Amino acid sequence: MKLKFIAAGILAAASFSASAATYDLGILDPSGSDTLSAITTKFTAGALVDDFWTFKLVTPSSTSFGALQTFSVVEGAIQDFSATLLGYGSLTNSTAAGVQSLSWTGPLAAGEYTVHVTGLTGLAKAQYLGSVSALPVPEPETYGMLLGGLALVGFAARRARKAV
């Protein structure tokens, strides 16, 4: 019976060191390239990271989301640092000396999106940066004008070669 109380106490203590925050990056401006970012609060040592990042696109966009953490010693890295763009899949994780990053890039329709970031902090005061960028997707008419212009240039170049 005492073992059950000890186990319950350990689970309760572990839940106090969990970070479950939601960061609202806001609405991306549809008139051109736009980037929004924020940094997390400082975590305690051994905290579970269970964060949600939200953002809204007003128009379809070529979009990228990234999470970046820098650390001076290996123990400072967030262990099992991972993220998922809900409904679209996992972010790619890359680690270099003192830096680990999560990234996702692709086209997204207008709407609201959420990225779920998880991990376990090694040292106190660990933080990471989250950011989202969007570029407008060209309209189909833009592609038509591009192809028409290329056809005219090709026609003019062919006529010039025949004339020589």
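Residue numbering for the sequence shown is -20 to -1, 1 to 144, as defined by mature numbering (1 follows the signal peptide of the UniProt record, and there is no 0).
All residues carry an ideal CB built from backbone N, CA and C; glycine is no exception.
Treat the numbers as computed from the prediction; the structure is a model and nothing was measured.
Coarse secondary structure for residue i, derived from DSSP in three states
i, result
"alanine 63", "strand"
"alanine 114", "strand"
"alanine 18", "strand"
"alanine 143", "helix"
"threonine 101", "coil"
"glutamine 80", "strand"
"serine 70", "strand"
"tyrosine 108", "coil"
"aspartate 4", "strand"
"glycine 91", "strand"
"glycine 12", "coil"
Rounded straight-line distance, which links the Cα of residue j to that of residue i
i, j, result
"residue 145", "glutamate 55", "As displayed, the chain neither begins before -20 nor continues past 144, which places residue 145 out of reach and without an answer."
"serine 41", "glutamine 59", "32 Å"
"tyrosine 3", "valine 117", "26 Å"
"isoleucine 7", "valine 53", "36 Å"
"valine 112", "serine 70", "15 Å"
"serine 13", "leucine 37", "12 Å"
"leucine 5", "serine 17", "6 Å"
"alanine 57", "aspartate 9", "33 Å"
"serine 74", "glutamine 80", "6 Å"
"lysine 22", "valine 95", "19 Å"
"threonine 101", "leucine 115", "33 Å"
"lysine 142", "leucine 48", "57 Å"
"phenylalanine 61", "aspartate 31", "11 Å"
Residue j beta carbon less than 8 Å from that of residue i
i, j, result
"glycine 78", "threonine 50", "yes"
"glycine 46", "serine 11", "no"
"tyrosine 93", "threonine 34", "yes"
"threonine 72", "valine 29", "no"
"threonine 20", "alanine 1", "yes"
Heavy atom of the ligand ZN within 7 Å of residue i beta-carbon
i, result
"threonine 2", "As far as ligands go, the structure on display features none, and thus does not contain the ligand ZN."
Checklist entry - Does the segment 64 to 72 come close enough to the segment 104 to 113 that 3 or more CB-CB pairs lie under 8 Å? => result Touching, no, given that fewer than three Cβ pairs across the two stretches are closer than 8 Å.
Item to check | Uninterrupted beta strand (DSSP E) stretches inside the segment 22 to 68 (no shorter than 3 residues) | outcome: Listed in chain order, the complete beta strand (DSSP E) runs (minimum 3 residues) inside the segment 22 to 68 are 28 to 37, 41 to 50 and 59 to 65.
Next on the checklist: Quick test of the definition: if touching needs 3 or more C-beta pairs under 8 Å, does the segment 29 to 45 touch the segment 87 to 97?
Outcome noted: Yes, the segment 29 to 45 is in contact with the segment 87 to 97.
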